[in-house]
Amino acid sequence: MNKIKIVFLGTPEFAIPSLKLLLEHPSIEVSFVVTQPDKPVGRNAVMTPPPIKVIAQQSNVTIVQPDNVNSDNVVDMVKAVDPDFIIVVAYGQILKDKWLSLAKKEILNLHASLLPKYRGASPIQSAILDGCEKTGVSVMGVRQKMDNGPVYTVREVIIGDKNAISLSEELARVGAELIIDAIINFGAFKQPMVQKDSDATYCKKIDRASGEISFANMDSDEIIRRYRAFYRWPGIFTRISGKRLILHEISKCSLSDFGKAGEVKFDNNKIYIQSKNGVLEIRRLQLEGKKEMDAKSFIAGNGRFSSQVVE
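According to my numbering, the stretch in the sequence shown is residues 10 to 320, in order.
Okay, structure coming up:
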(Lines of atoms letter the chains of each structure in order from A and count residues from 1; the text may use other names and numbers.)
(Lines give C-alpha, C1' and ligand atoms only; values in the text may rest on other atoms or scores of the structure.)
Protein backbone atom coordinates (compact mmCIF):
# COMPACT_ATOMS: atom_id res chain seq x y z
CA MET A 1 0.00 0.00 0.00
CA ASN A 2 1.37 3.38 -1.01
CA LYS A 3 1.93 5.84 1.77
CA ILE A 4 0.16 9.21 1.91
CA LYS A 5 2.64 11.85 0.77
CA ILE A 6 2.82 15.01 2.84
CA VAL A 7 4.61 18.34 2.54
CA PHE A 8 4.63 20.04 5.93
CA LEU A 9 4.83 23.78 6.58
CA GLY A 10 5.31 24.95 10.15
CA THR A 11 7.63 26.94 12.37
CA PRO A 12 6.99 27.39 16.14
CA GLU A 13 6.58 24.97 19.03
CA PHE A 14 2.82 24.86 18.38
CA ALA A 15 3.55 22.89 15.18
CA ILE A 16 5.79 20.26 16.82
CA PRO A 17 3.09 17.77 17.96
CA SER A 18 1.58 17.74 14.46
CA LEU A 19 4.91 17.06 12.75
CA LYS A 20 5.82 14.37 15.27
CA LEU A 21 2.56 12.47 14.78
CA LEU A 22 2.91 12.74 11.00
CA LEU A 23 6.46 11.38 11.15
CA GLU A 24 5.42 8.51 13.43
CA HIS A 25 2.35 7.41 11.47
CA PRO A 26 2.97 4.19 9.47
CA SER A 27 0.70 5.24 6.60
CA ILE A 28 2.19 8.72 6.11
CA GLU A 29 5.39 9.88 4.47
CA VAL A 30 6.62 13.42 5.10
CA SER A 31 8.47 14.25 1.88
CA PHE A 32 10.01 17.46 3.19
CA VAL A 33 9.46 20.23 5.73
CA VAL A 34 9.22 23.94 4.95
CA THR A 35 9.98 26.29 7.83
CA GLN A 36 11.14 29.86 8.39
CA PRO A 37 14.84 30.82 8.13
CA ASP A 38 17.07 30.78 11.20
CA LYS A 39 16.94 34.09 13.06
CA PRO A 40 19.28 35.98 15.41
CA VAL A 41 18.14 35.66 19.03
CA GLY A 42 19.23 37.47 22.19
CA ARG A 43 21.68 40.25 22.84
CA ASN A 44 24.45 38.36 21.08
CA ALA A 45 22.24 37.74 18.03
CA VAL A 46 22.96 34.00 17.99
CA MET A 47 21.51 32.44 14.84
CA THR A 48 18.80 30.09 16.10
CA PRO A 49 16.80 27.52 14.13
CA PRO A 50 13.01 27.44 14.44
CA PRO A 51 11.69 24.61 16.66
CA ILE A 52 10.31 22.67 13.70
CA LYS A 53 13.74 22.58 12.04
CA VAL A 54 15.20 20.91 15.12
CA ILE A 55 12.56 18.17 15.04
CA ALA A 56 12.98 17.63 11.31
CA GLN A 57 16.76 17.34 11.68
CA GLN A 58 16.34 14.70 14.37
CA SER A 59 14.26 12.65 11.92
CA ASN A 60 16.56 13.25 8.93
CA VAL A 61 13.79 14.88 6.93
CA THR A 62 14.68 17.29 4.13
CA ILE A 63 14.29 20.90 5.31
CA VAL A 64 13.61 23.96 3.18
CA GLN A 65 13.88 27.48 4.68
CA PRO A 66 12.93 29.98 1.99
CA ASP A 67 12.77 33.72 2.53
CA ASN A 68 9.84 33.63 0.12
CA VAL A 69 7.73 30.47 0.18
CA ASN A 70 6.00 31.56 -3.04
CA SER A 71 9.19 31.52 -5.08
CA ASP A 72 9.27 29.32 -8.18
CA ASN A 73 12.00 27.15 -6.67
CA VAL A 74 9.87 26.14 -3.69
CA VAL A 75 6.74 25.64 -5.79
CA ASP A 76 8.70 23.45 -8.21
CA MET A 77 9.94 21.31 -5.30
CA VAL A 78 6.37 20.70 -4.20
CA LYS A 79 5.29 19.89 -7.76
CA ALA A 80 8.08 17.32 -8.04
CA VAL A 81 6.85 15.53 -4.92
CA ASP A 82 3.22 15.63 -6.08
CA PRO A 83 1.88 15.37 -2.49
CA ASP A 84 -1.52 14.06 -1.49
CA PHE A 85 -1.77 16.75 1.20
CA ILE A 86 0.04 19.91 2.15
CA ILE A 87 -0.22 20.48 5.89
CA VAL A 88 0.16 24.00 7.30
CA VAL A 89 0.54 24.60 11.04
CA ALA A 90 1.53 28.13 12.11
CA TYR A 91 4.01 28.51 9.27
CA GLY A 92 4.28 32.30 9.18
CA GLN A 93 4.01 33.21 5.49
CA ILE A 94 0.89 33.53 3.34
CA LEU A 95 0.55 31.03 0.51
CA LYS A 96 -0.35 32.62 -2.80
CA ASP A 97 -2.73 31.21 -5.41
CA LYS A 98 -0.02 29.15 -7.10
CA TRP A 99 -0.05 26.83 -4.07
CA LEU A 100 -3.76 26.05 -4.20
CA SER A 101 -3.47 23.38 -6.90
CA LEU A 102 -0.30 21.67 -5.67
CA ALA A 103 -1.92 19.01 -3.45
CA LYS A 104 -3.83 16.09 -4.99
CA LYS A 105 -6.46 16.21 -2.26
CA GLU A 106 -6.22 19.33 -0.11
CA ILE A 107 -4.05 21.89 1.63
CA LEU A 108 -5.06 21.50 5.27
CA ASN A 109 -4.41 24.23 7.81
CA LEU A 110 -4.65 23.75 11.58
CA HIS A 111 -6.10 26.90 13.14
CA ALA A 112 -6.29 27.43 16.92
CA SER A 113 -9.92 28.52 17.18
CA LEU A 114 -13.43 27.34 16.47
CA LEU A 115 -13.79 28.94 13.06
CA PRO A 116 -15.19 31.25 11.86
CA LYS A 117 -14.47 32.83 15.24
CA TYR A 118 -11.04 34.40 15.74
CA ARG A 119 -9.61 34.38 12.28
CA GLY A 120 -6.12 35.87 12.21
CA ALA A 121 -2.84 35.87 14.09
CA SER A 122 -3.74 35.63 17.80
CA PRO A 123 -6.75 33.31 18.30
CA ILE A 124 -5.50 31.77 21.55
CA GLN A 125 -4.81 35.08 23.27
CA SER A 126 -8.04 36.59 21.94
CA ALA A 127 -10.20 33.81 23.36
CA ILE A 128 -8.64 34.33 26.80
CA LEU A 129 -8.95 38.13 26.59
CA ASP A 130 -12.65 37.83 25.78
CA GLY A 131 -13.27 35.56 28.76
CA CYS A 132 -14.50 32.64 26.63
CA GLU A 133 -15.32 29.42 28.46
CA LYS A 134 -14.09 27.29 25.58
CA THR A 135 -12.11 27.46 22.37
CA GLY A 136 -10.71 24.76 20.14
CA VAL A 137 -8.95 23.81 16.93
CA SER A 138 -10.21 23.65 13.37
CA VAL A 139 -8.80 21.83 10.35
CA MET A 140 -9.72 23.77 7.24
CA GLY A 141 -8.86 23.88 3.59
CA VAL A 142 -6.63 26.75 2.49
CA ARG A 143 -8.25 29.21 0.09
CA GLN A 144 -7.47 32.65 -1.31
CA LYS A 145 -8.95 34.57 1.60
CA MET A 146 -7.33 34.24 5.02
CA ASP A 147 -8.83 31.54 7.27
CA ASN A 148 -12.10 31.29 5.33
CA GLY A 149 -11.74 27.84 3.74
CA PRO A 150 -14.08 24.89 4.31
CA VAL A 151 -13.82 23.42 7.81
CA TYR A 152 -13.44 19.65 7.80
CA THR A 153 -13.34 18.95 11.50
CA VAL A 154 -13.14 20.74 14.86
CA ARG A 155 -12.55 19.87 18.49
CA GLU A 156 -13.41 21.94 21.55
CA VAL A 157 -11.16 22.63 24.54
CA ILE A 158 -12.19 24.15 27.87
CA ILE A 159 -10.15 27.26 28.70
CA GLY A 160 -10.69 27.40 32.47
CA ASP A 161 -7.87 29.34 34.11
CA LYS A 162 -5.22 28.32 31.58
CA ASN A 163 -2.75 30.90 30.33
CA ALA A 164 -1.69 31.29 26.71
CA ILE A 165 1.23 28.88 27.10
CA SER A 166 -0.66 26.00 28.71
CA LEU A 167 -3.68 26.50 26.46
CA SER A 168 -1.46 26.57 23.37
CA GLU A 169 0.21 23.32 24.43
CA GLU A 170 -3.15 21.60 24.86
CA LEU A 171 -4.50 22.92 21.56
CA ALA A 172 -1.32 21.80 19.80
CA ARG A 173 -1.74 18.24 21.13
CA VAL A 174 -5.42 18.10 20.28
CA GLY A 175 -4.80 19.69 16.90
CA ALA A 176 -2.13 17.15 16.01
CA GLU A 177 -4.59 14.32 16.59
CA LEU A 178 -7.17 16.16 14.53
CA ILE A 179 -4.76 16.60 11.60
CA ILE A 180 -4.07 12.86 11.53
CA ASP A 181 -7.79 12.12 11.67
CA ALA A 182 -8.49 14.54 8.82
CA ILE A 183 -5.83 12.95 6.61
CA ILE A 184 -6.66 9.31 7.27
CA ASN A 185 -10.41 9.80 7.09
CA PHE A 186 -10.48 12.53 4.46
CA GLY A 187 -12.83 10.59 2.21
CA ALA A 188 -15.51 10.64 4.90
CA PHE A 189 -15.81 14.44 4.82
CA LYS A 190 -18.47 14.67 2.14
CA GLN A 191 -19.76 18.10 3.15
CA PRO A 192 -17.27 20.22 5.09
CA MET A 193 -18.68 23.25 6.85
CA VAL A 194 -18.67 26.33 4.66
CA GLN A 195 -17.78 29.36 6.78
CA LYS A 196 -20.08 32.34 6.78
CA ASP A 197 -18.11 35.56 6.65
CA SER A 198 -20.97 37.27 8.44
CA ASP A 199 -20.27 35.09 11.51
CA ALA A 200 -16.52 35.68 11.46
CA THR A 201 -14.54 37.59 14.07
CA TYR A 202 -10.95 38.69 13.65
CA CYS A 203 -7.99 39.07 15.98
CA LYS A 204 -4.99 41.36 15.71
CA LYS A 205 -1.31 40.60 15.78
CA ILE A 206 0.16 40.99 19.26
CA ASP A 207 3.20 43.18 19.90
CA ARG A 208 5.05 44.40 22.98
CA ALA A 209 2.73 47.36 23.42
CA SER A 210 -0.24 44.99 23.75
CA GLY A 211 0.85 44.15 27.29
CA GLU A 212 0.32 47.62 28.75
CA ILE A 213 -2.42 47.68 31.36
CA SER A 214 -4.22 50.47 33.18
CA PHE A 215 -5.31 49.89 36.77
CA ALA A 216 -7.35 53.10 36.54
CA ASN A 217 -9.43 51.87 33.61
CA MET A 218 -9.48 48.08 34.03
CA ASP A 219 -11.01 45.91 36.74
CA SER A 220 -9.19 42.99 38.31
CA ASP A 221 -10.87 40.38 36.08
CA GLU A 222 -9.74 42.11 32.89
CA ILE A 223 -6.19 42.51 34.16
CA ILE A 224 -6.03 38.83 35.10
CA ARG A 225 -7.26 37.89 31.62
CA ARG A 226 -4.54 40.02 30.08
CA TYR A 227 -1.96 38.45 32.38
CA ARG A 228 -3.04 34.97 31.25
CA ALA A 229 -3.33 35.93 27.57
CA PHE A 230 0.08 37.60 27.44
CA TYR A 231 1.85 35.21 29.80
CA ARG A 232 5.62 35.22 29.15
CA TRP A 233 5.23 37.18 25.91
CA PRO A 234 4.75 40.06 25.67
CA GLY A 235 3.92 40.03 29.38
CA ILE A 236 2.00 42.80 31.13
CA PHE A 237 3.31 46.07 32.47
CA THR A 238 2.20 49.38 33.92
CA ARG A 239 4.14 52.50 34.88
CA ILE A 240 5.07 54.07 38.18
CA SER A 241 6.91 57.36 38.61
CA GLY A 242 7.49 57.38 34.87
CA LYS A 243 9.19 53.97 34.82
CA ARG A 244 7.92 50.74 33.32
CA LEU A 245 6.88 48.18 35.93
CA ILE A 246 6.66 44.62 34.59
CA LEU A 247 4.29 42.34 36.48
CA HIS A 248 5.65 38.80 36.16
CA GLU A 249 3.29 37.06 38.57
CA ILE A 250 -0.04 38.35 39.86
CA SER A 251 -3.19 36.89 41.37
CA LYS A 252 -6.60 37.93 42.56
CA CYS A 253 -7.03 38.21 46.30
CA SER A 254 -9.78 38.60 48.88
CA LEU A 255 -8.56 41.98 50.12
CA SER A 256 -11.30 44.62 50.00
CA ASP A 257 -10.92 47.75 47.90
CA PHE A 258 -8.66 50.10 49.84
CA GLY A 259 -8.08 53.21 47.76
CA LYS A 260 -8.28 54.88 44.40
CA ALA A 261 -7.57 52.92 41.26
CA GLY A 262 -3.84 52.33 40.78
CA GLU A 263 -2.86 52.85 44.42
CA VAL A 264 -0.03 50.62 45.66
CA LYS A 265 -0.10 49.06 49.11
CA PHE A 266 2.72 47.26 50.95
CA ASP A 267 1.50 45.00 53.76
CA ASN A 268 3.38 42.17 55.53
CA ASN A 269 5.89 41.82 52.72
CA LYS A 270 3.12 41.65 50.15
CA ILE A 271 2.27 44.08 47.38
CA TYR A 272 -1.28 44.96 46.43
CA ILE A 273 -2.58 47.28 43.73
CA GLN A 274 -6.11 48.62 43.62
CA SER A 275 -7.76 48.29 40.22
CA LYS A 276 -10.89 49.99 38.93
CA ASN A 277 -12.81 47.28 40.77
CA GLY A 278 -11.00 44.69 42.86
CA VAL A 279 -7.51 44.26 44.29
CA LEU A 280 -4.61 42.29 42.83
CA GLU A 281 -1.62 40.82 44.63
CA ILE A 282 1.69 41.34 42.82
CA ARG A 283 3.99 38.41 43.62
CA ARG A 284 6.88 38.94 41.20
CA LEU A 285 7.75 42.19 39.44
CA GLN A 286 10.52 44.11 37.76
CA LEU A 287 11.17 47.82 37.69
CA GLU A 288 12.63 49.22 34.47
CA GLY A 289 16.40 48.78 34.46
CA LYS A 290 16.36 46.37 37.40
CA LYS A 291 16.22 42.61 37.92
CA GLU A 292 13.03 40.61 38.44
CA MET A 293 12.33 40.00 42.14
CA ASP A 294 9.69 38.75 44.54
CA ALA A 295 7.46 41.09 46.50
CA LYS A 296 9.50 40.96 49.72
CA SER A 297 12.74 41.86 47.94
CA PHE A 298 11.06 44.63 45.98
CA ILE A 299 9.60 46.20 49.13
CA ALA A 300 13.01 46.14 50.83
CA GLY A 301 14.54 48.34 48.15
CA ASN A 302 11.57 50.38 46.98
CA GLY A 303 9.67 51.52 50.05
CA ARG A 304 9.11 54.90 48.41
CA PHE A 305 6.50 53.38 46.11
CA SER A 306 4.08 52.52 48.92
CA SER A 307 0.84 54.49 48.54
CA GLN A 308 1.92 55.81 45.14
CA VAL A 309 -0.30 55.34 42.13
CA VAL A 310 0.55 53.36 39.02
CA GLU A 311 -0.66 54.60 35.68
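Even glycine gets a Cβ: it sits at the ideal position worked out from N, Cα and C.
Counting beta carbon pairs with one atom in the segment 140-148 and one in the segment 180-198, are three or more of them shorter than 8 Å?
The segment 180-198 makes contact with the segment 140-148: 3 or more CB pairs, one atom from each, lie closer than 8 Å.
Is the segment 199-218 in contact with the segment 126-136, if contact means three or more CB pairs nearer than 8 Å?
Output reads yes: the segment 126-136 touches the segment 199-218.
Out of curiosity, what's the CA-to-CA distance linking I233 and I168?
14 Å
Would you list, in sequence order, the uninterrupted beta strand (DSSP E) runs of no fewer than 3 residues that lie entirely inside the segment 145-184?
160-167
A24 to L111, Cα distance in whole Å?
21 Å
Along the chain, where does the alpha helix (DSSP H) that runs through E231 open and close?
S229 to A238
Among F224, Y236, S219 and D206, which one has its Cα closest to the Cα of M155?
D206
Could you check if S68 is buried or exposed, using at least 16 other CB atoms within 10 Å of its CB as the buried criterion?
exposed
Give me the Cα-Cα distance between V151 and R292, rounded to the nearest whole angstrom.
Answer to the nearest angstrom: the Cα atoms are 44 Å apart.
To the nearest angstrom, how far is the alpha carbon of M10 from that of P26?
Rounded to the nearest angstrom, the two C-alpha atoms are 25 Å apart.
Would you mind giving the Cβ-Cβ distance between I72 and F41, rounded to the nearest angstrom? I have them listed as a contact below 8 Å.
7 Å
Considering only C-alpha positions, which residue in the set S284, Q153 and E290 is nearest to K105?
Q153
What is the DSSP secondary structure of R217, counted as helix, strand or coil?
helix
Take N79 and list the residues in its own chain whose beta-carbon comes closer than 6 Å to its own, dropping the five residues that flank it on each side.
So the list reads K105, once near-sequence residues are dropped.
Counting only C-beta atoms, is A238 closer than 8 Å to chain C at any point?
The displayed structure is made up of one protein chain only, and chain C is not part of it.
What does the Cβ neighbour count give for M227, buried or exposed, with the cut at 16 atoms within 10 Å?
buried
Measure from the alpha carbon of M149 to the alpha carbon of each residue in Q204, V166 and I37, then state which is nearest.
Nearest to M149 by C-alpha distance, out of Q204, V166 and I37, is Q204.
Tell me, which residues are paired with D276 by DSSP?
K279
Suppose contacts are defined by Cβ-Cβ distances below 8 Å. Is I308 in contact with I280 by that definition?
Judged by their CB atoms, I308 and I280 are nearer to each other than the 8 Å cut-off.
Per DSSP, V43 is paired with what?
In the DSSP output, where bridge partners are listed per residue, V43 has L18 and V73.
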